[in-house]
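Residue numbers (the working numbering), protein chains in the order written: chain A, 1332 to 1709; chain B, 495 to 836. Taking it in order: structure first as structure tokens, then the write-up.
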């Protein structure tokens, strides 16, 4: 458990680093809501507006995912990686940060970006890669970047963002400012050498960061059982002298509580924390993947949906009902429609922009190639 | 750094007779003498380039390799003279390699960090920190795949623990239950970096738990403790129970390499560890428990001195590599022929 004066982790349901027998085997994931949405532990301190915002962002991401998959199937965008099933983990963790904190995403953290206030229109533009896209189509689709929101580019290289996250946190520590860094990684990423180096560095230099592992049970087609011989990835943190805990990643309130406590701890000079969020990738790895080839449909059919779970909690407290739900869905449809319409009207990037944005002065070889591309065909 | 002094068991429970116990001492004494004379030859300019001496850590190589068979593989890092000789490479050929001579284990091309001898299943010293751990893990995969009756023992330092290759190797070794024994020689310094500046945890063996591997600390200055721990780990591996992680608490008496002035630790610290020198404590114990006499010990010391003198003479007299061979032994198309090959 993470000690924190301002945001105590709910007791009773909280995971403790060691069980009654002192063995780390008996860890219970931190949970606030029961699987059917009943309040089981102490909810983090959130205003009614904040509670609703969590729900709205999760629903927004879900609606966006569904539409983008359709667009890809229609051939209007080339590629998409949905976060279906993982909304609570990404939305909840980003929600627990302050605006000045940095986020180093892996590749399935669009929820965190939405929480930061990134417009849907820009996400659509990135997927189309046309002139409306800030990066002018230079980046792989679904790999957003928003420097102004302190959200580093997503990268398909596994785990490479963690040494960067820890380095950024170290910089914050040296500067003595109150910035905390949240670095994400997946269960597959924990097998990478970069994970090891980042965790060791964070432990030795007590960098103000939170390393959050989205354990969605599948690294593309490799199940977590074939990824590591350790049952709880959170246990790996002990090897680096870092506190590690498991949280129910489908319980958005538990994710908020855990991340907030860890971020507070980092901000007060308490060093890094490792959080393993237990969640599930309900959809394919990306639109280029067919999970029916490697996992049983029964397993995928039983996935614990975080959205109805949290909705049940809101409804029980009188903060949500069917009418508001219909209103929200209509609003989201409208927002997504408008974004697509606006972006689709944009032309493709100017071919002359092909070599922009990488080199301060593009090398001669690239300039020659560009010239050849731009030369009128005979 | 302090090591708990456990109640020392008497020598007999180790099921070793007098000859075997004296054999362990002889091998440790040989390594010590070999390294001391190597340092002299280096100072004389007969050996040059990178050279990392094993002085102080003899009990680890000798104890560990004594628990292995000739068929077992050994893969180690760049401080490799000790493991190479313990594994059974003729010390003459090791010295010749240090001299860069054609009669060396790697035909004079590898030098101190790249000893190799397929004949005794010594699969190499490797210069890249932690870079040999995936090689050892891969060898263990081959052993498992071919259902062979042998194991892989791999040696590395505390500095290598921070490398990504370490992490990837341990994860896969346990996941696939590979017959490999990871022997960490924690000599407290990765070059000039003390362990407490490189790791937030004081001990490394609990890290094995992060991979589901049993980890254990062993007194690396006690050749019998090392032997016993590696024997157990080897048995586990042969039983199909997967890898083990042994943290040998040891110390190098000399600087990291011949080009290290060693300014990061005090003379006093070295002196404290020297009191636990296996070349001092082990023969004392043999005499105390009446396994051997002082005279027998002195005879062995005299013999190894003579043996290392012969090594140097052999290396000095050996020919240099042929310039005509410069382009050979790298590509498969030009495999070395006959007995000359590495």
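By construction, the Cβ of each residue, glycine as well, lies at the ideal position given by its N, Cα and C atoms.
- Taking Cβ-Cβ distances below 8 Å as the criterion, which residues of the segment 610-644 of chain B are in contact with chain A? none
- Query: Between which two residues does the alpha helix (DSSP H) carrying residue 1711 of chain A extend?
  - Reply: There is simply no residue 1711 of chain A to check, as chain A begins at 1332 and stops at 1709 in what is shown.
- What does DSSP give as the partner residues of residue 611 of chain B in its beta bridges? B:616
- Query: Since residue 1531 of chain A meets chain B, which of its residues come closer than 7 Å, beta carbon to beta carbon?
  - Reply: 656 and 693
- Item | Interfacial residues, the segment 1503-1529 of chain A to chain B, with Cβ spacing under 9 Å | 1521, 1522, 1523, 1524, 1525, 1526, 1527 and 1528
- Task: Could you please give the first and the last residue of the uninterrupted alpha helix (DSSP H) stretch that includes residue 1503 of chain A?
- Result: 1492-1506
- Helix, strand or coil: how does DSSP classify residue 1429 of chain A here? Coil at residue 1429 of chain A, not helix or strand.
- Query: Which of the three DSSP states, helix, strand or coil, is assigned to residue 1369 of chain A?
  - Reply: coil
- Query: In angstroms, rounded to a whole number, what distance separates the CA positions of residue 1693 of chain A and residue 1702 of chain A?
  - Reply: The alpha-carbon atoms of residue 1693 of chain A and residue 1702 of chain A are separated by roughly 12 Å.
- Query: Name the residues in the segment 1573-1603 of chain A whose C-beta lies less than 8 Å from a C-beta of chain B; which are they?
  - Reply: 1573
- Residues bridged to residue 1531 of chain A by DSSP? DSSP lists no partner for residue 1531 of chain A.
- Taking Cβ-Cβ distances shorter than 9 Å, what residues in chain A pair up with residue 700 of chain B? For residue 700 of chain B, the residues of chain A that pass the 9 Å Cβ criterion are 1569 and 1570, in the order they occur in the chain.
- Message: Across the segment 1606-1626 of chain A and the segment 1546-1553 of chain A, are there enough close Cβ pairs to call them in contact, namely three or more that are closer than 8 Å?
- Response: yes
- Task: Using a threshold of 8 Å, state whether the C-beta atoms of residue 676 of chain B and residue 755 of chain B are closer than that.
- Result: In this structure, residue 676 of chain B lies away from residue 755 of chain B, with their beta-carbon atoms at least 8 Å apart.
- Query: Which residues share a DSSP beta bridge with residue 648 of chain B?
  - Reply: B:569 and B:676
- Query: Taking the Cβ atom as the reference point for each residue, do residue 487 of chain B and residue 620 of chain B lie within a distance shorter than 8 Å?
  - Reply: No information on residue 487 of chain B is available, as it lies outside the stretch 495 to 836 that chain B covers here.
- Message: On the CB-based measure, 16 or more other CB atoms within 10 Å of its CB, does residue 615 of chain B come out buried or exposed?
- Response: buried
- Would you please state the rounded distance, in angstroms, between the beta carbons of residue 1544 of chain A and residue 1608 of chain A? I believe it to be under 8 Å. 7 Å
- Query: Would you call the CB atoms of residue 1514 of chain A and residue 1489 of chain A closer than 8 Å?
  - Reply: no
- Query: Could you check where the alpha helix (DSSP H) with residue 1715 of chain A kicks off and where it finishes?
  - Reply: Shown here, chain A extends from 1332 to 1709; a query on residue 1715 of chain A therefore has no answer.
- Message: Would residue 1641 of chain A and residue 1385 of chain A qualify as a contact pair, given that the criterion is a beta-carbon distance under 8 Å?
- Response: Yes, the Cβ-Cβ distance between residue 1641 of chain A and residue 1385 of chain A is below 8 Å.
- How would you list, in chain order, the residues of chain B whose beta-carbon sits under 9 Å from the beta-carbon of residue 1557 of chain A? 669
- List the residues of chain B whose Cβ lies closer than 8 Å to the Cβ of residue 1566 of chain A, in chain order. 703 and 704
- Query: How long is the line joining the alpha carbons of residue 521 of chain B and residue 556 of chain B, rounded to whole angstroms?
  - Reply: Spanning the two alpha carbons is a distance of roughly 7 Å.
- Item | Which of helix, strand or coil DSSP assigns to residue 1614 of chain A | coil
- Query: Alpha carbon to alpha carbon, how far is residue 766 of chain B from residue 691 of chain B?
  - Reply: 21 Å
- residue 1486 of chain A to residue 1472 of chain A span [Cα, whole Å]: One C-alpha to the other measures close to 11 Å.
- Query: Where does residue 509 of chain B sit, in a helix, a strand or coil, going by DSSP?
  - Reply: coil
- Task: Using three-state DSSP, classify residue 1511 of chain A as helix, strand or coil.
- Result: coil
- Exposure of residue 1350 of chain A, with buried meaning 16 or more beta-carbon neighbours within 10 Å: Interpretation of residue 1350 of chain A is limited by its pLDDT of 34, a score under 50 that renders its predicted location unreliable; the figure taken from the coordinates is listed afterwards. Label assigned to residue 1350 of chain A: exposed.
- Could you name the residues of the same chain whose beta carbon sits closer than 6 Å to that of residue 1511 of chain A, not counting the 5 residues immediately before and after it, in chain order? 1432, 1539, 1594, 1597 and 1598
- If the cut is a Cβ gap below 7 Å, which residues of chain B does residue 1534 of chain A touch? 694
- Task: Assign residue 814 of chain B to one of two classes, buried (16 or more other C-beta atoms within 10 Å of its C-beta) or exposed (fewer than that).
- Result: exposed
- Message: By alpha-carbon positions, which one of B:608, B:610 and B:591 ends up nearest to residue 602 of chain B?
- Response: B:591
- Query: So is residue 659 of chain B in contact with chain A if we call contact Cβ pairs under 8 Å?
  - Reply: yes
- Message: Between which residues of its own chain and residue 833 of chain B is the CB-CB distance below 6 Å, once the five residues before and five after are set aside?
- Response: The pLDDT assigned to residue 833 of chain B is 49, lower than 50, so where the model puts this residue is not dependable; a value taken from the coordinates is nonetheless given after this. For residue 833 of chain B, where only same-chain residues beyond five positions count, there are no Cβ hits under 6 Å.
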